[in-house]
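Note sheet for the following structure.
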Amino acid sequence: EADIYQTPRYLVIGTGKKITLECSQTMGHDKMYWYQQDPGMELHLIHYSYGVNSTEKGDLSSESTVSRIRTEHFPLTLESARPSHTSQYLCASSEFYQDENTDTQYFGPGTRLTVL
Amino acid sequence: KNEVEQSPQNLTAQEGEFITINCSYSVGISALHWLQQHPGGGIVSLFMLSSGKKKHGRLIATINIQEKHSSLHITASHPRDSAVYICAVKRGNTDKLIFGTGTRLQVFP
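Note that the protein sequences, when read in sequence, are chains A and B. Just so we're on the same page, the working numbering is the position in the first sequence counted from 1, plus 587. Just so we're on the same page, the working numbering is the position in the second sequence counted from 1, plus 3.
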């Protein structure tokens, strides 16, 4: 059982509000990721981090920003939410398995965001 | 065309049936993951494969690197197996995953 947490699980807010989606992991993983998933669609990487003070944009352009001040914490912020931001946001962290020579990712439960 | 294609998109089965979900990819990879996503949205990693075959309980995953194809099998399916099964690949020189759109499985009693 992976120890990665996201809050809130569900959020309904009005247009123009600033929001922060929280993601925390207690496994000491250096690598963390944010994905966006629309209903019935594939996950798209929007941000990732290889460690403290390291953040990169993912493959899908996003108006959100992230920060990584502590290893265990990787919050995502939307300065001014819009209806187009309505989606599910999934956080993940990963560790490297020497035997498999690759990482495996552990996912949080997700935050379902609705912007009215 | 997506770099990772899954089939079928939707699958219904009776309890006890043998299930096969397929994944084809068009890029060079270092690993392939099978993930399970339940209606609440949470995702669980089932398998990570770079070659051959893995088995965990009633689940079996195989990969053919030459054919760029992987299958996930569920033996003696059960209603609690109902979920979306997602194939994801890691390109050889990056840590990023490329995801398929998933196969929605419903198993009826």
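Cβ coordinates follow ideal geometry from the N, Cα and C atoms, glycine included.
By alpha-carbon distance to T97/B, the top candidate from I22/B, T23/B, A34/B is A34/B. Secondary structure at H672/A: helix, using DSSP grouped into helix, strand and coil.
Non-local C-beta neighbours of R94/B in its own chain, meaning closer than 8 Å and more than five positions away in sequence, comprise V30, G31, I32, S33, I101, ordered along the chain. Among the residues of chain B, those whose CB is under 8 Å from the CB of K618/A are D98, following chain order.
In chain order, G45, I46 make up the part of chain B whose C-beta sits under 7 Å from the C-beta of F694/A. For the segment 618–645 of chain A, the residues whose beta carbon sits under 9 Å from a beta carbon of chain B are, in order, K618, Y620, Y622, Q624, G627, M628, E629, L630, H631, L632, Y635, Y637, G645. With fewer than 16 other CB atoms across the displayed protein chains lying within 10 angstroms of its CB, R657/A is exposed. T104/B reaches chain A at M628, E629, counting residues in chain order whose Cβ is nearer than 7 Å. Distances from the CA of P112/B to each of H59/B, K57/B, G19/B were compared; the closest alpha carbon is that of G19/B. Rounded to the nearest whole angstrom, the C-alpha separation of I24/B and P11/B is 7 Å. Listed along the chain, the chain B residues whose CB falls inside 8 Å of the CB of T691/A are H36, S48, M51. Less than 8 Å separates the beta-carbon of M619/A from that of S680/A. For R83/B, there is no enclosing beta strand (DSSP E), as DSSP marks it with neither H nor E.
Per DSSP, the continuous beta strand (DSSP E) segment holding L35/B begins and ends at 32–40. A Cβ of chain B is located within less than 8 Å of the beta carbon of G697/A.
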